[in-house]
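Engineer: Its first residue numbered 6, the sequence shown is counted upward by one per residue in the numbering used here.
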Amino acid sequence: MLWYSEKVKEAMSLEENAKVEENVSSGKNWTLWYDNAAGLKDTGSGFSARGRSRSGMGKVDLHNWESFLHNLSEIDSIDTFWALFNCILEPSKLPRGSNYHFFRTGVEPKWEDKFNEAGGKWVLTIPKGRKDLLDIFWLHLVLAVVGEVFPPTAANDIAGIVTSVRKNQDRIALWTCSALNVELQELIGKSWSALACPGGLPVGFTLEYQVHKDAMAKTSSFYNKVRYSVRGDSPPI
Numbered sequence: 006m007l008w009y010s011e012k013v014k015e016a017m018s019l020e021e022n023a024k025v026e027e028n029v030s031s032g033k034n035w036t037l038w039y040d041n042a043a044g045l046k047d048t049g050s051g052f053s054a055r056g057r058s059r060s061g062m063g064k065v066d067l068h069n070w071e072s073f074l075h076n077l078s079e080i081d082s083i084d085t086f087w088a089l090f091n092c093i094l095e096p097s098k099l100p101r102g103s104n105y106h107f108f109r110t111g112v113e114p115k116w117e118d119k120f121n122e123a124g125g126k127w128v129l130t131i132p133k134g135r136k137d138l139l140d141i142f143w144l145h146l147v148l149a150v151v152g153e154v155f156p157p158t159a160a161n162d163i164a165g166i167v168t169s170v171r172k173n174q175d176r177i178a179l180w181t182c183s184a185l186n187v188e189l190q191e192l193i194g195k196s197w198s199a200l201a202c203p204g205g206l207p208v209g210f211t212l213e214y215q216v217h218k219d220a221m222a223k224t225s226s227f228y229n230k231v232r233y234s235v236r237g238d239s240p241p242i
C-alpha cells in the first residue's frame with residue numbers, strides 16, 4: 006500500500022513538483038487546519054461562524070467552533086509539504102463531520118477574516134459512494150493552488166480550500182476573495198474545471214459559486230443562492 010505522500014507524488018508531474026517547490030520556498034506559505042464539531046449541541050445563539058446550523062448538527066457559535074479548530078501544520082518548504090502529506094489521512098478516511106481547511110498562512114478559515122469578508126466560494130459536491138473522487142479532486146486542487154497552476158490573476162484571488170466530509174455527500178469549496186468580480190470568478194471556475202482531475206471535470210458534476218455574505222445572513226454554509234456555475238464536460242470517471 007502506498008503512503009499518501011507517495012500517491013501525491015504519483016499524481017504530480019515534474020513540472021508541478023517544481024512549481025510547488027518554487028512557491029513554498031519563496032514565502033508563499035499555506036496552513037492546514039482541521040475541525041470536527043459534529044458532537045456540538047445547539048447553543049441557541051442563532052449565530053454560526055461557518056454556518057453549521059443547516060448541517061444537522063445544530064447551531065455552533067464562533068467561540069465553540071474555534072475551540073474545535075486545530076492548526077495542523079504550516080507549509081513553508083518542500084520538506085514540510087511532503088512531511089505533512091506523509092502523515093495526514095486522505096479526506097475519504099476522515100470521520101463524518103470533519104473538515105480540512107487548507108488556507109494561505111495568515112488567513113483564518115472563516116467568513117469574518119478580512120481576506121474573506123468580500124469573497125465567496127466555488128463548491129463541488131461529490132455524491133455518496135464516490136469517496137474515491139473526493140480524494141482525487143482534493144489532491145489536484147491542493148497541488149494547483151500551491152503550485153499556482155491557475156492564471157496569475159486567479160491565483161492571487163484564492164484564499165484557500167475547505168473539504169467537508171458528510172453523511173450523504175461530500176463537498177470541496179474553493180474560497181476566493183472578490184465575490185462580485187464576475188469575470189474573475191468565471192475565470193477561476195473554468196480553470197478549476199479544467200484541472201479538477203486528469204481530463205477535466207467530468208460530465209454530471211457542476212461547480213457552483215456562493216457569496217459569503219449570503220451565507221452569513223442565512224448562517225448556512227452551502228444552502229445559498231448560486232451566483233455563477235460551470236458544468237463539467239469531460240468523460241465520466
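Just so you know, even glycine gets a beta-carbon here, dropped at the ideal spot from N, CA and C.
Starting from W38 and walking both ways along the beta strand (DSSP E), at which residues does that stretch end?
Structural biologist: Along the sequence shown, read from residue 1 onward, the residue named residue 38 stands at position 33. From DSSP, the beta strand (DSSP E) with W38 extends over W35 to N41.
Engineer: Taking the beta carbon of K126 as the centre, do at least 16 other beta carbons fall within 10 Å, making it buried, or is it exposed?
Structural biologist: Mapped onto the sequence shown, residue 126 falls at position 121. By the 10 Å Cβ count, K126 comes out buried.
Engineer: Does DSSP put W4 in a helix, a strand or coil?
Structural biologist: Missing from the structure shown is residue 4; the chain here goes from 6 to 242 and no further.
Engineer: Taking the C-alpha atoms as reference points, what is the distance between S239 and S103?
Structural biologist: Position 234 of the sequence shown, counting from 1, holds the residue named residue 239. Position 98 of the sequence shown, counting from 1, holds the residue named residue 103. Taking the straight line from one Cα to the other gives about 29 Å.
Engineer: Taking the alpha helix (DSSP H) that P198 falls in, what are its first and last residues?
Structural biologist: Here residue 198 is taken as the residue at index 193 of the sequence shown, counted from 1. The sequence given here has Ser at residue 198, not Pro. Note, S198: alpha helix (DSSP H), V187 to L200.
Engineer: Using the beta-carbon count (16 or more within 10 Å), is C92 buried or exposed?
Structural biologist: In the sequence shown, the residue the question calls residue 92 occupies position 87. Looking at its Cβ environment, which holds fewer than 16 other Cβ atoms inside 10 Å, C92 is exposed.
Engineer: Hey, how far is the Cα of N76 from the Cα of K115?
Structural biologist: Numbered from its first residue, the sequence shown carries residue 76 at position 71. Numbered from its first residue, the sequence shown carries residue 115 at position 110. Near 13 Å, if we compare the C-alpha coordinates of K115 and N76.
Engineer: What span of residues does the beta strand (DSSP E) with F73 cover, start to end?
Structural biologist: Reading the sequence shown from its first residue, position 68 is the one you call residue 73. Counting along the chain, F73 falls outside any beta strand (DSSP E), and DSSP gives it neither H nor E.
Engineer: By the 10 Å Cβ neighbour count, where 16 or more other Cβ atoms means buried, how is N158 classified, buried or exposed?
Structural biologist: Looking up residue 158 in the sequence shown gives position 153. The identity of residue 158 in the sequence shown is Thr, whereas the question assumes Asn. By the 10 Å Cβ count, T158 comes out exposed.
Engineer: Any idea which residues DSSP pairs L179 with across the strands?
Structural biologist: As a working mapping, residue 179 is identified with position 174 in the sequence shown. Partner(s): W127 and I166.
Engineer: Does the segment 171 to 186 come close enough to the segment 117 to 131 to have 3 or more Cβ pairs within less than 8 Å?
Structural biologist: Yes: at least three Cβ pairs fall under 8 Å.
Engineer: In this structure, how does DSSP classify S97 when only helix, strand and coil are distinguished?
Structural biologist: Within the sequence shown, residue 97 is the residue found at index 92, counting from 1. Helix.
Engineer: Please report the residue range of the beta strand (DSSP E) in which N104 lies.
Structural biologist: In the sequence shown, counting from the first residue as 1, residue 104 sits at position 99. Element bounds for N104: S103 to R109.
Engineer: Is the CB-CB distance between L212 and V187 below 9 Å?
Structural biologist: Taking the first residue of the sequence shown as position 1, residue 212 is located at position 207. Taking the first residue of the sequence shown as position 1, residue 187 is located at position 182. No, these two residues do not count as a Cβ contact at 9 Å.
Engineer: For L212, does the three-state DSSP call read helix, strand or coil?
Structural biologist: Mapped onto the sequence shown, residue 212 falls at position 207. DSSP places L212 in strand when its eight states are reduced to three.
Engineer: Measure the CB-CB distance between D162 and I193 and report whether it falls below 9 Å.
Structural biologist: Taking the first residue of the sequence shown as 1, we reach residue 162 at position 157. Taking the first residue of the sequence shown as 1, we reach residue 193 at position 188. Closer than 9 Å, so yes.
Engineer: Determine the DSSP secondary structure at P156, reduced to helix, strand or coil.
Structural biologist: For the purposes of this step, residue 156 is taken as the residue at position 151 of the sequence shown. Correct three-state label for P156: coil.
Engineer: Got a sec, what are the start and stop residues for the alpha helix (DSSP H) V231 sits in?
Structural biologist: Locating residue 231 in the sequence shown gives position 226, where the first residue counts as 1. Unbroken run through V231: none, as it is neither H nor E.
Engineer: Does the separation of the CB atoms of Y233 and Q174 fall below 9 Å?
Structural biologist: Counted from its first residue, the sequence shown places residue 233 at position 228. Counted from its first residue, the sequence shown places residue 174 at position 169. Against a cut-off of 9 Å, the Cβ pair of Q174 and Y233 comes out as no contact.
Engineer: Of all the options L94, V167, V154 and M221, which has the alpha carbon lying nearest to the alpha carbon of K195?
Structural biologist: By one-based count along the sequence shown, residue 195 stands at place 190. Out of L94, V167, V154 and M221, V154 has the C-alpha closest to the C-alpha of K195.
Engineer: Which residue wins for smallest C-alpha separation from I166, given the options A160, I83, E71 and V147?
Structural biologist: Position 161 of the sequence shown, counted from the first residue, corresponds to residue 166. When only C-alpha atoms are compared, the closest one is V147.
Engineer: Do you know offhand how far R101's Cα is from D40's?
Structural biologist: Translated into positions along the sequence shown, residue 101 becomes position 96. Translated into positions along the sequence shown, residue 40 becomes position 35. Spanning the two alpha carbons is a distance of roughly 11 Å.
Engineer: When you compare only the Cα positions, how much space is there between D219 and F86?
Structural biologist: By one-based count along the sequence shown, residue 219 stands at place 214. By one-based count along the sequence shown, residue 86 stands at place 81. About 34 Å.
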